[in-house]
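First residue of the sequence shown? That's 31 in the working numbering, and the numbers climb one at a time after it. So the structure is just underneath, and the comments pick up after that.
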Amino acid sequence: MISVPTFDIRRGLLAFIALFISQLCNAQSFYAVLVADTKDPSLGASCEKDLQEMSGTLQAISKKIQYNYQELICHQDQFGKGGIQAAISKIQCKPEDIIFFYYTGHGINTITEKSDFPILYLKDENLELETVHKLLKEKKPRFCLTLGDCCNNLFAGRRGMRSATPVLKGIGVTQDTQILRKLFVEANGDLLISSAKKGERATAHPSEGSFYSNTWMQALAYAENHNMHVSWETLLADAENRLQESLKSLPDSLKHHSQWVRSFPEPVLPCPEASFTEINRFLNVLADEKLGFNERNKLRILGQKGFFGPTAQVSIYMSNPEKPVETQPIDHFLKRIVNTAPLIDEFNFVERLSTLGTGCTYDLVTLQEIRKAK
């Protein structure tokens with residue numbers, strides 16, 4: 031009789047379990063249905079840009095969370111209700127799979143329409159975004175996200191959009207998959223998003239893409255790199271804040287507001303009143319030169335008491351132009367923002383490199399400051 035050491039049996043069993051788990055993970059699919067009106071005379075180039083950017087973003091996400099990426103594109107001759115229905119029919123969804131639907135093109139809505147979400151303006155027959163979402167939910171994925179960026183406004187001004195890729199020069203943060211796993215793997219339910227509310231028309235740049243798609247990807251990228259705590263609610267609120275920052279210099283006729291509905295509960299985050307989103311919004315409003323000096327100064331005093339400890343310090347990473355890290359008292363920093371607002375393009379709060387003290391106020395704040403191009 032041959033004796034097999036217990037250690038070898040255990041090692042073999044562990045190897046088998048690891049292989050089984052690996053195969054199980056690899057069996058999970060990330061289905062991306064991307065619909066883009068690339069042949070439209072006015073929006074075509076913008077939709078093509080959106081399609082390329084969103085495809086790249088979703089491929090990167092699926093790779094980081096270790097899901098098989100399955101992309102179904104409806105553009106050119108496949109852009110229509112028939113093309114969308116054909117793409118959805120190809121989805122062979124398992125209980126742990128993810129479905130992501132993205133539309134970029136024209137949209138409409140009517141007074142008689144019951145849904146607050148837009149109707150996709152397609153070449154053959156129009157289709158409600160909410161109807162598409164219901165069809166996808168019937169596939170019973172673990173997580174289903176439907177995003178409609180229906181742009182009927184074009185802004186051809188010289189001012190371009192900010193890059194969706196974060197500027198990270200000199201900022202020593204570690205990219206990992208924790209944030210993406212919280213958003214896409216740990217979420218269980220569905221999320222429906224549109225770039226404009228009923229009665230509004232979303233805006234796009236003729237060659238640089240849609241404003242909301244850009245700010246949505248921007249918010250996701252910054253959350254992945256800068257955040258410690260995140261939820262879909264805080265991420266979408268940050269995307270909305272970034273959208274309003276992008277649109278603030280445009281005529282009122284080109285402004286719009288995103289909206290969303292989720293089926294899953296909002297996770298409880300530590301100190302929500304001092305969240306990534308709230309601090310980002312405070313700093314960028316403080317640097318908004320369209321607001322009067324006295325108004326911004328009052329906001330500075332209120333925000334300093336609400337967000338920061340009495341002896342708080344701020345570490346500033348300056349981008350464009352890049353400068354060495356500078357640390358100074360928060361009081362001096364906030365006064366400087368109020369006085370130099372015309373020079374500032376954007377602030378980004380780096381939560382991973384900040385220190386939260388007692389009472390939900392920060393003792394150390396790490397920020398990225400981006401100056402306006404000269």
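Positions of the beta carbon are idealized from the N, C-alpha and C atoms, including for glycine.
For the region 139 to 146 against the region 98 to 110, are there 3 or more C-beta pairs whose distance is under 8 Å? No, because fewer than three Cβ pairs between the region 139 to 146 and the region 98 to 110 fall closer than 8 Å, the two stretches do not touch.
Compare the beta carbon distance of T391 and F338 with 8 Å and say whether it is the shorter of the two. The sequence position of residue 391 within the sequence shown is 361, counting from 1. The sequence position of residue 338 within the sequence shown is 308, counting from 1. Contact flag set, yes.
Can you find the residues in the same chain that come closer than 6 Å, C-beta to C-beta, to D393, ignoring five residues on each side of it along the sequence? Counting from one through the sequence shown, the residue named residue 393 turns up at place 363. So the qualifying residues of the chain are G339, A342, T385 and G387.
Span of the alpha helix (DSSP H), counted from its first residue to its last, around F306: As a position in the sequence shown, residue 306 is number 276, starting the count at 1. Where F306 is concerned, the enclosing alpha helix (DSSP H) stretches over F306 to L316.
So is the beta-carbon of F131 under 7 Å away from any non-hydrogen atom of the ligand PLP? Ligands in the displayed structure: none, and consequently the ligand PLP is not present.
Pick helix, strand or coil for K111, following the three-state DSSP scheme. Stepping through the sequence shown from its first residue, residue 111 is reached at position 81. Helix, per DSSP.
Closest to I168 by C-alpha separation, out of T207, Y133, P148 and S119, would be which residue? Here residue 168 refers to the residue found at position 138 when the sequence shown is read from its first residue. What sits at residue 168 in the sequence shown is Glu, not Ile. Among T207, Y133, P148 and S119, the Cα nearest to that of E168 belongs to S119.
Between the beta-carbon of G137 and the beta-carbon of G178, is there less than 8 Å? Position 107 of the sequence shown, counted from the start, is the residue given in the question as residue 137. Position 148 of the sequence shown, counted from the start, is the residue given in the question as residue 178. Contact flag set, yes.
What do you reckon, are the CB atoms on I209 and V260 nearer than 8 Å? Here residue 209 refers to the residue found at position 179 of the sequence shown. Here residue 260 refers to the residue found at position 230 of the sequence shown. Yes, they are a contact pair.
Along the chain, where does the beta strand (DSSP E) containing A161 start, and where does it finish? Working through the sequence shown from its first residue, we reach residue 161 at position 131. Reading off the sequence shown, one finds Thr at residue 161, where the question assumed Ala. No beta strand (DSSP E) contains T161, which is instead part of the alpha helix (DSSP H) from L159 to K167.
Taking the continuous alpha helix (DSSP H) assigned at T87, which residues delimit it? On the sequence shown, residue 87 is found 57 positions in, with the first residue counted as 1. Start and end: G74 to K94.
Select from L373, T176, S92 and E254 the residue whose C-alpha is nearest the C-alpha of Q58. What you label residue 58 is simply residue 28 of the sequence shown in a count that begins at 1. Nearest option by C-alpha distance: S92.
Are F377 and N310 closer than 8 Å when you measure CB to CB? Walking along the sequence shown from the start, residue 377 turns up at place 347. Walking along the sequence shown from the start, residue 310 turns up at place 280. A contact, by the Cβ cut-off of 8 Å.
In terms of residue numbering, what span does the alpha helix (DSSP H) encompassing D268 cover? Translated into the one-based positions of the sequence shown, residue 268 becomes position 238. Taken as a continuous stretch (DSSP letters only), the alpha helix (DSSP H) holding D268 covers W262 to L277.
Option in Q106, S76, G219 and W246 with minimal Cα separation from N182: Working through the sequence shown from its first residue, we reach residue 182 at position 152. Looking at the Cα atoms, S76 is the closest of the given residues.
Whole angstroms are fine: how far does the CA of K404 sit from the CA of P297? Locating residue 297 in the sequence shown gives position 267, counting from the first residue. Locating residue 404 in the sequence shown gives position 374, counting from the first residue. Cα to Cα, the separation comes out at about 42 Å.
Drop a sphere of 10 angstroms on the beta-carbon of K320, count the other beta-carbons inside from all chains shown, and report buried for 16 or more, exposed for fewer. On the sequence shown, position 290 is the one that residue 320 refers to. Exposed, because fewer than 16 other Cβ atoms sit within 10 Å of the Cβ of K320.
Find the nearest neighbour of R366 within the set V380, G389, L316 and D282, judged by alpha-carbon distance. Residue numbering aside, residue 366 sits at position 336 when the sequence shown is read from its first letter. Out of V380, G389, L316 and D282, L316 has the C-alpha closest to the C-alpha of R366.
Let me check understanding here. Comparing Cα to Cα, which of K402, L150, Y252 and E381 lies closest to G113? Against the sequence shown, residue 113 aligns to sequence position 83. If we check each option's Cα against that of G113, L150 comes out closest.
Identify whether C123 lies in helix, strand or coil by the three-state DSSP scheme. For the purposes of this step, residue 123 is identified with residue 93 of the sequence shown, where counting begins at 1. It is coil, neither helix nor strand.
I need the DSSP call for Q343, collapsed to helix, strand or coil. Numbered from its first residue, the sequence shown carries residue 343 at position 313. In this structure, Q343 counts as strand in the three-state DSSP scheme.
Is it true that the CB of V380 sits closer than 8 Å to the CB of H286? Counting from one through the sequence shown, the residue named residue 286 turns up at place 256. Counting from one through the sequence shown, the residue named residue 380 turns up at place 350. No, the pair does not count as a contact, with Cβ atoms beyond the cut-off.
Rounded to whole angstroms, what is the Cα-Cα separation between D361 and P71? Here residue 361 is taken as the residue at index 331 of the sequence shown, counted from 1. Here residue 71 is taken as the residue at index 41 of the sequence shown, counted from 1. Their backbone Cα atoms lie some 52 Å apart in a straight line.
Classify P281: buried if its beta carbon has 16 or more other beta carbons within 10 angstroms, exposed otherwise. Locating residue 281 in the sequence shown gives position 251, counting from the first residue. Classification for P281: exposed.
Looking at V65 and R109, is the spacing between their C-beta atoms short of 8 Å? Taking the sequence shown and counting its residues from 1, the one referred to as residue 109 is at position 79. Taking the sequence shown and counting its residues from 1, the one referred to as residue 65 is at position 35. Sequence inspection shows Phe at residue 109; the Arg mentioned does not correspond to that position. Result yes, Cβ atoms of F109 and V65 sit closer than 8 Å.
So, using beta-carbon positions, are A269 and S288 closer together than 8 Å? Along the sequence shown, read from residue 1 onward, the residue named residue 269 stands at position 239. Along the sequence shown, read from residue 1 onward, the residue named residue 288 stands at position 258. Cβ atoms of A269 and S288: closer than 8 Å.
Taking L73 and A217 to be in contact with their CB atoms under 8 Å, please state how far apart those CB atoms are, rounded to whole angstroms. As a position in the sequence shown, residue 73 is number 43, starting the count at 1. As a position in the sequence shown, residue 217 is number 187, starting the count at 1. Rounded, the Cβ-Cβ distance is 31 Å, inconsistent with contact.
Residue span of the beta strand (DSSP E) that contains N378, given as start and end: One-based indexing of the sequence shown puts residue 378 at position 348. Looking at the DSSP string, the run of the beta strand (DSSP E) that includes N378 is I374 to F379.
Using the three-state DSSP reduction, which class does L357 fall into: helix, strand or coil? The sequence position of residue 357 within the sequence shown is 327, counting from 1. In the sequence as displayed, the identity of residue 357 is Thr instead of Leu. Under the three-state reduction of DSSP output, T357 falls in the strand class.
Among Q248, P295, L383 and D375, whose alpha-carbon lies nearest the alpha-carbon of K278? Taking the first residue of the sequence shown as 1, we reach residue 278 at position 248. The candidate whose alpha carbon is nearest that of K278 is D375.
With which residues is T391 paired in a DSSP beta bridge? Locating residue 391 in the sequence shown gives position 361, counting from the first residue. Beta-bridge pairing links T391 to no other residue.
To which residues does DSSP link H235 through a beta bridge? For the purposes of this step, residue 235 is identified with residue 205 of the sequence shown, where counting begins at 1. G239, per the DSSP bridge assignment.
Quick one: give me the first and last residue of the beta strand (DSSP E) that R292 is part of. For the purposes of this step, residue 292 is identified with residue 262 of the sequence shown, where counting begins at 1. Start and end: Q289 to R292.
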